[in-house]
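If you use my numbering, the sequence shown corresponds to residues 600 to 906, in order.
Just so it is clear, CB atoms sit at the ideal spot from N, CA and C, and this is done for glycine as well.
Quick caveat: nothing in here was measured; it's all calculated off a predicted structure.
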Amino acid sequence: MARKQINHKRLVRPLLYTPLFIAAALGLYSTNCLSTNVVFDLGGVLFDINYGLMYRHICKQAGFTFLYYLLTKRENPRDLLFQVLNDINLPDIEQKGACDEVGNPLPKALVHWLQGTASNQEIRDTVESVLEEDFSCYEAVEKRVIKTIVNGIFDSKYTTSMLSLNKDGAELVQKCIKYGHKVFILSNMDAESFDVLCRQYPDFFDLFDGVVVSAKVHLIKPDPAIFRYLLDTYQLDPQETVFIDDQEENVKAAETVGIHAIQCPKIGWFARQDFESVNNTFIVWQTEHELIARQDKWQISLTKSNV
Numbered sequence: 600m601a602r603k604q605i606n607h608k609r610l611v612r613p614l615l616y617t618p619l620f621i622a623a624a625l626g627l628y629s630t631n632c633l634s635t636n637v638v639f640d641l642g643g644v645l646f647d648i649n650y651g652l653m654y655r656h657i658c659k660q661a662g663f664t665f666l667y668y669l670l671t672k673r674e675n676p677r678d679l680l681f682q683v684l685n686d687i688n689l690p691d692i693e694q695k696g697a698c699d700e701v702g703n704p705l706p707k708a709l710v711h712w713l714q715g716t717a718s719n720q721e722i723r724d725t726v727e728s729v730l731e732e733d734f735s736c737y738e739a740v741e742k743r744v745i746k747t748i749v750n751g752i753f754d755s756k757y758t759t760s761m762l763s764l765n766k767d768g769a770e771l772v773q774k775c776i777k778y779g780h781k782v783f784i785l786s787n788m789d790a791e792s793f794d795v796l797c798r799q800y801p802d803f804f805d806l807f808d809g810v811v812v813s814a815k816v817h818l819i820k821p822d823p824a825i826f827r828y829l830l831d832t833y834q835l836d837p838q839e840t841v842f843i844d845d846q847e848e849n850v851k852a853a854e855t856v857g858i859h860a861i862q863c864p865k866i867g868w869f870a871r872q873d874f875e876s877v878n879n880t881f882i883v884w885q886t887e888h889e890l891i892a893r894q895d896k897w898q899i900s901l902t903k904s905n906v
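As structure tokens, then:
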């Protein structure tokens, strides 16, 4: 007679938040816990993004032109920028569902940039040219605002100046290492900015067992292919891997290849990363995972003893 398939999660979940769960959770913080591969995003997770610096940069470079733009156009400069970056003269490219932090689809130029198929200088030059030729209908104030933003975004030194290492995120990485987990990076970022960031934080990046950056592998989140690349390159078992990202579409994409994914929530007026929530979610998942593993061992032992 065929053995009935057991739903492990149905058996394990009622145990959560019971004394058995507490005991198992305590076991996670010992060298005897199951080793897990923990994969982190960079911007918005391990690194804070200071968008205020961008606006100060625009105000400084464009001066009263930017203020005049805001008062007369009353349009978010992001919308204007995205229109230009989507229509500039670059080869068509599959968008792969890539979005910005508020869910807007990324324009063509940004996808090229993050996939490493267009450099900072190439995009700056292309925008400069296209504003004169194809967007001649734009007013001078609009062109100056766009040029100022583009010269800021597509400048690796300036882009990385907007990023600062999140203290709580760094502590979580070190905590994972302390308890025997391997740590990895999977991030959408241009190659130049990533190299600058590595030079700024060499000791931090030396902590990681592996790194996948979109522009260096010519793949981009949330394309499932970049997650498969990570798994194949470092020989990771998706069932033993956790991915932490701040964007929902990336979390869902990771789950399609079997990786357990945790969305890093934002809290407070300044939308700070809630690493306490991430840590608690990770504990619950790994406790459930460890209980299932132990139950499998018990079942195998029981089967052998009955033979």
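- As summarised for the stretch 830-880, the continuous alpha helix (DSSP H) elements at least 4 residues long and confined to that stretch are 847-855, given in chain order.
- The beta-bridge partner set that DSSP reports for Cys698 consists of Pro704.
- Look at the beta carbons and you see the stretch 724-744 not touching the stretch 640-650: under three pairs across the two are nearer than 8 angstroms.
- A residue is called buried when at least 16 other Cβ atoms come within 10 angstroms of its Cβ; Lys766 does not meet this threshold and is exposed.
- Judged by DSSP in its simplified three-state form, Phe646 adopts strand.
- The alpha-carbon of His780 is positioned some 49 angstroms away from that of Arg743.
- With distances taken between CA atoms, Val816 lies nearest to His711 out of Ile657, Thr840, Tyr668, His711.
- Note on geometry: alpha-carbon atoms of Leu709 and Leu689 lie some 11 angstroms from one another.
- Taking C-beta atoms under 8 angstroms as the contact rule, Val637 and Val749 fail to qualify, at a distance of about 35 angstroms.
- For Lys781, the enclosing beta strand (DSSP E) covers residues 781-786.
- By the 16-neighbour rule on beta-carbons within 10 angstroms, Tyr654 is exposed.
- Annotation for Leu796: the continuous alpha helix (DSSP H) segment containing it runs 790-799.
- Straight-line measurement puts the Cα of Ala717 at about 10 angstroms from the Cα of Ala790.
- For Ser760, the enclosing alpha helix (DSSP H) stretches over residues 755-760.
- In this structure, the straight-line span from the alpha carbon of Leu669 to that of Leu713 is close to 29 angstroms.
- According to the DSSP assignment, Asn636 belongs to the beta strand (DSSP E) that extends over 636-639.
- For Ala769, the closest of Thr635, Ile722, Ala853, Glu875 by C-alpha to C-alpha distance is Glu875.
- A straight-line Cα-Cα distance of about 21 angstroms links Asp805 and Met761.
- Taken through DSSP and simplified to helix, strand or coil, Ser718 comes out as coil.
- In the three-state reduction of the DSSP assignment, Leu713 falls in the helix class, which pools H, G and I.
- DSSP places Gly662 outside any alpha helix (DSSP H), giving it a letter other than H or E.
- For Phe681, the uninterrupted alpha helix (DSSP H) run begins and ends at 676-686, by DSSP.
- DSSP places Leu764 within a strand segment (E or B) once states are collapsed to three.
- In this structure, Tyr800 sits away from Val811, with a CB-CB distance that is not shorter than 8 angstroms.
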